[in-house]
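Chemist: Can you keep this structure in mind? I'll have questions shortly.
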Amino acid sequence: MQTASPFENAPETALEWHRAGTGAALATVVQTWGSAPRRTGSQLVVSGGGRIEGSVSGGCVEGAVVAEALDALQDGNHRLLEYGVSDADAFAVGLACGGTIKVLVEPIGAALPVDLLEELVQARADRTPVSYEVNLTTGARRLARGEFPERMRMDRAGLEDDGETFVAVHNPPLRLVCVGAVHITQALVPMARTAGYDPVIIDPRAAFASTERFPGETLMDDWPDEAVEKLGLDSRTAVVLLTHDPKLDDPALQAALKADVFYIGALGSKKTQVARMARMRGAGFTEDLISRIHGPIGLDIGAAGPAEIAVSILAEMTAVLRGKQP
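In terms of my numbering, the sequence shown opens at residue 19 and continues consecutively.
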């Protein structure tokens, strides 16, 4: 199974090392065949002193890529490299068989303009989804916003149909906002974290939102509408309402309906959902907006108990994120 974080810090590290005067090159997996150890878009940063951070192959070809990156820092040219990963090397990093990868090496400043990298790093800091487009032959580069919707939705970097244009996806980290520090939340939060979400738990009730019940998690004891205003909601955020109490759920629900969050789910029976939708109509929301509320929350898998309900919620969030469910 290929593994990679969709929000590794390679661009930030490359900019930091370049500014420090050591020089830096970014190596990016642009294409894979077979059981490649790292997914397309994975990155390795190499400094002029040979320091590295990140990975393009889980260790299979890093040494060769580092050597090419150091040469690229000397001559200022980008490189497109192709490597085959043997079955033996693949087995060493936990794969059943080998594969082939193409890696683009870009020295910062000479090939990848510093101002373009700075713009990319700032967009990532601002939680602004952007794509980085580079022509592998000519080296023409640009950042794009609002383009490649399918790639952005699927977090899928790769080559376009022309075989020359590589598009890297830079989406903000996924975020889960849980309103209600209840038993389901205790099960859902660690599952979501494993799936790549950054969870936040909102509950003004101190007995519920305690560090004893949620060790190491981000807890907010504000009223839900105030909390989500502080957080800011965007297209990479899922909002899950689990308190069963309209006084707590509804303020956050209204804030979520006004925002561009990708998922809104609310706990409760079908009868509860009907009443909830009526309250939202009374608050002036349109039917199109109200239809975005998933309730009763979660996929219908016959869940029994908090843990299985949490599984159903995370499954539904994933289905909506990846376009498998409206």
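Just so you know, even glycine gets a beta-carbon here, dropped at the ideal spot from N, CA and C.
Below 9 Å between beta carbons: does that hold for Trp51 and Thr118?
Modeler: Yes, the pair counts as a contact, with Cβ atoms nearer than the cut-off.
Chemist: In the DSSP assignment, what are the bridge partners of Lys120?
Modeler: Lys120 pairs with Gln49, Glu100.
Chemist: Given a cut-off of 9 Å on the beta-carbon distance, is the pair Tyr101 and Val79 in contact?
Modeler: Contact flag set, yes.
Chemist: I'd like the list of long-range same chain contacts for Val139, defined as Cβ closer than 6 Å, with 5 residues on each side in sequence excluded.
Modeler: Result list for Val139: Pro29, Glu30, Leu33, in chain order.
Chemist: Determine the burial state of Lys120: buried for a count of at least 16 other Cβ atoms within 10 Å of its Cβ, exposed for fewer.
Modeler: Label assigned to Lys120: buried.
Chemist: So the beta strand (DSSP E) Thr40 belongs to, where does it begin and stop?
Modeler: Premise fails: Thr40 is in no beta strand (DSSP E) and is neither H nor E.
Chemist: Hey, Leu307 and Leu275: beta-carbon distance below 9 Å or not?
Modeler: For Leu307 and Leu275, yes; Cβs fall inside 9 Å.
Chemist: Count the other C-beta atoms from every protein chain shown that fall within 10 angstroms of the C-beta of Gln92, then say buried if there are 16 or more, exposed otherwise.
Modeler: It is exposed - the Cβ of Gln92 has fewer than 16 other Cβ atoms within 10 Å.
Chemist: Label Ser149 either buried or exposed according to how many other C-beta atoms from any shown protein chain fall within 10 Å of its C-beta, with 16 as the threshold for buried.
Modeler: Buried, because 16 or more other Cβ atoms sit within 10 Å of the Cβ of Ser149.
Chemist: Are there three or more Cβ pairs, one per stretch, closer than 8 Å when the segment 69-78 is compared with the segment 146-163?
Modeler: No contact exists between the segment 69-78 and the segment 146-163.
Chemist: Is it right to say Pro217 is buried, meaning 16 or more other beta carbons lie within 10 angstroms of its own, or is it exposed?
Modeler: With 16 or more Cβ atoms within 10 Å of its Cβ, Pro217 is classed as buried.
Chemist: With DSSP as the reference, identify every bridge partner of Ile70, one or two as the case may be.
Modeler: Paired residues: Val64.
Chemist: Give the secondary structure of Arg159 by DSSP, where H, G and I count as helix, E and B as strand, and everything else as coil.
Modeler: Strand at Arg159.
Chemist: If you pair each beta-carbon of the segment 321-328 with each one of the segment 197-217, do three or more pairs fall below 8 Å?
Modeler: Contact between the segment 321-328 and the segment 197-217 is present, because at least three Cβ pairs lie under 8 Å.
Chemist: For the beta strand (DSSP E) holding His188, just list the boundary residues, first then last.
Modeler: 183-188 is the span of the beta strand (DSSP E), which, as asked, contains His188.
Chemist: Taking all protein chains shown into account, decide if Val292 is buried (16 or more other Cβ within 10 angstroms of its Cβ) or exposed.
Modeler: Val292 should be labelled exposed.
Chemist: Can we count Ala296 as close to the ligand ADP, meaning its CB is less than 8 Å from some heavy atom?
Modeler: With respect to small molecules bound, the structure shown includes none, and the ligand ADP cannot be examined in it.
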